[in-house]
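Some notes on the structure that comes next.
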Amino acid sequence: MERYIFRRAVATDLPAIEKILKDAVARMLAEGKQQWNESYPTAVHVLADMARDVAFVLEFQGEVVAYGAVVFDGEPAYDDLDGEWLSDQKYVVVHRVAVSQKAQGNGVGARFMKSVEYYAAEKGIGSFRIDTNFDNFAMLRLIEKCGFAYCGEVSYERGKRKAFEKLI
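Okay, here's the thing in structure tokens:
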């Protein structure tokens with residue numbers, strides 16, 4: 031039986047998370063994508079996520095297969111959406127989502143997102159927001175598969191991103 035565990039990341043997960051992120055960066059750069067690069071995201075960002083208690087992993091049979099920062103205290107860039115959110119309620123947002131190379135194509139990304147939804151619902155949160163680059167086709171497919179609605183664009187220092195929301 032498949033056994034996935036969604037949990038907070040711990041220090042011993044760092045090597046596995048780093049590998050997942052480095053592989054994702056290499057894949058994006060090889061595809062000519064601009065969202066991530068050698069300086070983002072790195073172990074420094076993961077350690078900051080851990081310090082903020084927002085670093086989460088999905089584990090399968092004792093191995094970390096996905097990572098993401100699960101944030102409940104808002105995203106400042108979302109305050110200036112060029113568009114309209116579905117709601118104005120408290121929300122969960124996920125940043126730096128990545129799936130290990132060997133786990134790709136097995137629904138792990140969708141399982142991670144669904145785990146975030148369940149976790150947010152348990153905390154009484156009814157909205158899930160996320161953003162991604164216009165050319166991050168894998169993430170755009172995942173966001174669509176998970177039932178998010180396109181709400182507009184948000185701006186970061188490094189460019190605009192497509193923003194989505196799902197009511198949960």
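Residue numbers 31 to 198, in the working numbering, belong to the letters of the sequence shown in order.
We treat Cβ as the ideally placed atom computed from N, Cα and C, and that holds for glycine.
The model shown is predicted, which means the values in this text are computed figures rather than measured ones.
Problem - 6 Å CB neighbourhood of Tyr121 in its chain, flanking five on each side removed - result: To locate residue 121, count along the sequence shown from 1; it is residue 91. Excluding positions up to five away in sequence, the list reads Ser157, Arg159.
Exercise for the section: Find the nearest neighbour of Phe86 within the set Met169, Phe194, Asn166, Ala150, judged by alpha-carbon distance. Expected result: As a position in the sequence shown, residue 86 is number 56, starting the count at 1. The residue with the shortest Cα to Cα distance from Phe86 is Ala150.
Problem - Under 8 Å between C-beta atoms of Glu152 and Phe178 - result: Residue mapping note: residue 152 aligns to position 122 of the sequence shown, counting from 1. Residue mapping note: residue 178 aligns to position 148 of the sequence shown, counting from 1. It is not a contact, given that the beta carbons lie outside the stated cut-off.
Exercise for the section: Using three-state DSSP, classify Glu195 as helix, strand or coil. Expected result: Position 165 of the sequence shown, counted from the start, is the residue given in the question as residue 195. Strand.
Problem - Extent of the continuous alpha helix (DSSP H) to which Val138 belongs - result: Along the sequence shown, read from residue 1 onward, the residue named residue 138 stands at position 108. Counting along the chain, the alpha helix (DSSP H) containing Val138 begins and ends at 138 to 152.
Practice task
Please report how far the alpha carbon of Cys176 lies from the alpha carbon of Ala96, in whole angstroms.
Solution key: Position 146 of the sequence shown, counting from 1, holds the residue named residue 176. Position 66 of the sequence shown, counting from 1, holds the residue named residue 96. Whole-angstrom Cα-Cα distance: 16 Å.
Practice task
Could you tell me if Phe142 is buried or exposed, where buried requires 16 or more neighbouring beta carbons within 10 angstroms of its beta carbon?
Solution key: Start at 1 with the first residue of the sequence shown, and residue 142 comes out as number 112. So Phe142 ends up on the buried side.
Exercise for the section: Please name the residue or residues paired with Lys16 in a DSSP beta bridge. Expected result: Limits of the chain in this structure are 31 at one end and 198 at the other, which puts residue 16 out of reach.
Practice task
Mind checking which residues open and close the alpha helix (DSSP H) that includes Arg57?
Solution key: The sequence position of residue 57 within the sequence shown is 27, counting from 1. Counting along the chain, the alpha helix (DSSP H) containing Arg57 begins and ends at 44 to 60.
Problem - alpha helix (DSSP H) runs contained entirely in the segment 59 to 110, provided each spans 4 or more residues - result: 73 to 81
Handout entry: Helix, strand or coil at Ala179 [DSSP, three-state]
Key = For this step, residue 179 is matched to residue 149 along the sequence shown. If DSSP states are grouped into helix, strand and coil, Ala179 belongs with the strands.
Practice task
Go ahead and label Ser130 buried or exposed: buried means 16 or more other beta carbons lie within 10 angstroms of its beta carbon, across all protein chains shown.
Solution key: As a working note, residue 130 is residue 100 in the sequence shown. Buried, since its Cβ has 16 or more Cβ neighbours within 10 Å.
Problem - With 16 other Cβ atoms within 10 Å as the buried cut-off, status of Leu172 - result: Stepping through the sequence shown from its first residue, residue 172 is reached at position 142. Buried.
Exercise for the section: Return yes when the Cβ of Ala99 is within less than 8 Å of the Cβ of Asp79, no when it is not. Expected result: The residue you call residue 79 lines up with position 49 of the sequence shown. The residue you call residue 99 lines up with position 69 of the sequence shown. Taking 8 Å as the Cβ cut-off, Asp79 and Ala99 qualify as a contacting pair.
Exercise for the section: Using the DSSP secondary-structure output, state which residues sit across from Ala128 in a beta bridge. Expected result: If you number the sequence shown from 1, residue 128 lands on position 98. DSSP output for Ala128 lists Tyr97 as bridge partner(s).
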